[in-house]
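Below: one structure, written as structure tokens.
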Amino acid sequence: MGRRWWVAAAAVSLAGCTVGPKYTRPPVAPAPAYKEAPPPEFHEEKGWKPGQPSDGSLRPAWWEIFGNAELNRLEQQIDASSQTLKAAEARFRQARALIALNRAGLFPTISTAPGVTTNRLSRNSPTGPARTGEYSAFNLPIDINYELDAWGRVRRSIAAAREETQASAADVETIRLSLHAEMAIDYFELRSLDAQKRLLDDTIVAYEKALQLTKNRFDGGLSSRAELAQAQTQLETTRADDIGVTVARAQFEHAIAVLAGQTPESLNLAVIPVQSVPPAIPVGLPSDLLERRPDIAAAERRVAEANEQIGIARAAFFPDIVLTATGGLLGGSFVDWLTWPSRFWAVGPSVLQTVFDAGRRRAVSEQAAAAYDEAVANYRQATLSAFQQVEDNLSTLRILEQQAKAQRVAVESARQSLDLAMSRYKGGLVTYLEVVTAQSTALKNESTEVDLLRQRMDASVLLIKALGGGWDVSKLPAP
Numbered sequence: 003m004g005r006r007w008w009v010a011a012a013a014v015s016l017a018g019c020t021v022g023p024k025y026t027r028p029p030v031a032p033a034p035a036y037k038e039a040p041p042p043e044f045h046e047e048k049g050w051k052p053g054q055p056s057d058g059s060l061r062p063a064w065w066e067i068f069g070n071a072e073l074n075r076l077e078q079q080i081d082a083s084s085q086t087l088k089a090a091e092a093r094f095r096q097a098r099a100l101i102a103l104n105r106a107g108l109f110p111t112i113s114t115a116p117g118v119t120t121n122r123l124s125r126n127s128p129t130g131p132a133r134t135g136e137y138s139a140f141n142l143p144i145d146i147n148y149e150l151d152a153w154g155r156v157r158r159s160i161a162a163a164r165e166e167t168q169a170s171a172a173d174v175e176t177i178r179l180s181l182h183a184e185m186a187i188d189y190f191e192l193r194s195l196d197a198q199k200r201l202l203d204d205t206i207v208a209y210e211k212a213l214q215l216t217k218n219r220f221d222g223g224l225s226s227r228a229e230l231a232q233a234q235t236q237l238e239t240t241r242a243d244d245i246g247v248t249v250a251r252a253q254f255e256h257a258i259a260v261l262a263g264q265t266p267e268s269l270n271l272a273v274i275p276v277q278s279v280p281p282a283i284p285v286g287l288p289s290d291l292l293e294r295r296p297d298i299a300a301a302e303r304r305v306a307e308a309n310e311q312i313g314i315a316r317a318a319f320f321p322d323i324v325l326t327a328t329g330g331l332l333g334g335s336f337v338d339w340l341t342w343p344s345r346f347w348a349v350g351p352s353v354l355q356t357v358f359d360a361g362r363r364r365a366v367s368e369q370a371a372a373a374y375d376e377a378v379a380n381y382r383q384a385t386l387s388a389f390q391q392v393e394d395n396l397s398t399l400r401i402l403e404q405q406a407k408a409q410r411v412a413v414e415s416a417r418q419s420l421d422l423a424m425s426r427y428k429g430g431l432v433t434y435l436e437v438v439t440a441q442s443t444a445l446k447n448e449s450t451e452v453d454l455l456r457q458r459m460d461a462s463v464l465l466i467k468a469l470g471g472g473w474d475v476s477k478l479p480a481p
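Residue numbering for the sequence shown follows this note's numbering, beginning at 3 and increasing consecutively.
Next up, the structure:
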């Protein structure tokens, strides 16, 4: 009996062993500051200035920073209605269920297979004639099997499932962030087209007046038929451009409806030109990015998962220790089946060790190590790509701010040039060709100004997306 207790104690102590490497997060050395961020001595009146870390971090509902009630309403529909997001959340639940599946390996398996059989033995058996030809067997067995987790294979499988669940949760947040960012970009694209359409509508009104002026001058013999044709051409070309804008606008409206989980015919957005300007965005420090990007968090969790797989592969080199116990009741009739003398039992450990597998376990171990190296490389590449995206959008916002200021001057100059050309044409000093040229220049510059605002709004959304929105790793499910 003492020897049995010693064996049991040794088995319990072996259960605390875990083979394989201990996980540490791969080092990543971010820069102390963003290259494209303005220096501390930067003055806001000299150009674009992002929000500083002291301004506070982005909120989960980061789109509210734009101060647009309609955008807020559309964004709020994504979480409840997006089928893409629901599919991602279903994948997360699948990953979470695997934790319980692997945790079951820590506990014994108990099974039973009761049965009642009637048997007839052959009187011509080669071992000799049976004493009786028929008998019944009433069996109620209970089998217990327990594989001792001596080398940590089961515990590492549980840990790997937990880390994959965390990575899957981060994947959900990455998709959620992408959907919200896509909604904001599509919304500002649509509002930019509204601004373009209003510009073209106003331009058509001005061109119609110019055409009427040219007709009056032609009727009075002051303008040629060529000038009348130029005015007509300018007007119809602008009308065609105006119609083309409505095609693109309809497509963005349909895209917004689908993002909100609606059918395209159920959503109609009134024409409202974009008028807001890019808000100040809290950028923070590059080191913060490692905690705020869900895709980086997912990549890091998969590195941890790959590390667990190395331990699982190494555990295959050690023997499997299985404790089995069988017991129950066995009788020849129902009367004596459930009596104490009908009991039977057997208990004992077994050890299974693979002696030769032609290098299979070694190949699996090498594969796990290579998969870990791949996961580390993917994690580091994800961080580099994140830093690049932030820098790209910081520089885009800074340069577009400067370009927008220069374009504003160009728009004013083009308007003055158009006014002068129209006055000179009315006075008979120039032909209508000069007016057409001034009209084209003014329209082009005003259209460019509208497009620059669109690019700035899009870059603001992309910067927020690059910063991770209002997410951070503390929102991952606890292990």
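We put the CB at the ideal spot given by N, CA and C, even for glycine. These numbers were taken from a predicted model, which means no experiment stands behind them.
Secondary structure of Val349 (DSSP, three-state): strand.
According to the DSSP assignment, Thr114 belongs to the beta strand (DSSP E) that extends over 111-114.
Using a 10 angstroms sphere on the CB of Arg27, the tally of other CB atoms stays under 16, which defines it as exposed.
Under the DSSP assignment, Ala480 falls outside any beta strand (DSSP E); it carries neither an H nor an E label. Contact check for Ala301 against Ala384 passes: the beta carbons are separated by less than 8 Å.
Sequence-distant partners of Asn147 (beyond 5 residues in either direction) whose C-beta falls short of 6 Å from its own C-beta, in its chain, are Thr111, Thr326. Excluding five sequence positions before and after Phe254, the CB atoms of its chain that fall closer than 6 Å to its own CB belong to Asp188, Glu191, Leu192, given in chain order. The beta carbon of Ser225 is closer than 6 Å to those of Thr216, Arg219 in its chain, skipping five residues each way along the sequence.
Closest by C-alpha distance to Val260, out of Ile80, Phe140, Arg164, is Ile80. If you ignore the 5 residues before and after Pro143, its C-beta comes within less than 7 Å of the C-beta of Thr114, Ala115, Thr328, Gly330, all in its own chain and listed in chain order. Straight through space, the alpha carbons of Glu403 and Ile177 are spaced by roughly 30 Å. Going by C-alpha positions, Thr86 is about 58 Å away from Leu340. The residue from Met185, Asp196, Leu230, Ala379 with its alpha-carbon nearest to that of Ala212 is Leu230. Distances from the CA of Ser124 to each of Glu136, Gln78, Arg345 were compared; the closest alpha carbon is that of Glu136. Assigned with DSSP and collapsed to three states, Phe68 falls in helix.
For Val353, the closest C-alpha among the options Ser387, Ala228, Ala152, Arg400 is that of Ala152.
As computed with DSSP, Ala242 is found in no beta bridge at all. When rounded, the separation of the alpha-carbon atoms in Ala35 and Glu72 is 35 Å. If you ignore the 5 residues before and after Ser159, its C-beta comes within less than 8 Å of the C-beta of Asn104, Gly107, Glu310, Ile314, all in its own chain and listed in chain order. For Val285, the closest alpha carbon among the candidates Arg61, Gln214, Leu201 is that of Arg61. Each residue's CA atom was taken as its position, placing Leu195 and Arg251 some 6 Å apart.
The shortest C-alpha to C-alpha distance from Gln236 to any of Phe319, Asp460, Ala440 is the one to Ala440.
Just so you know, the alpha carbons of Asp394 and Gln198 end up roughly 26 Å apart.
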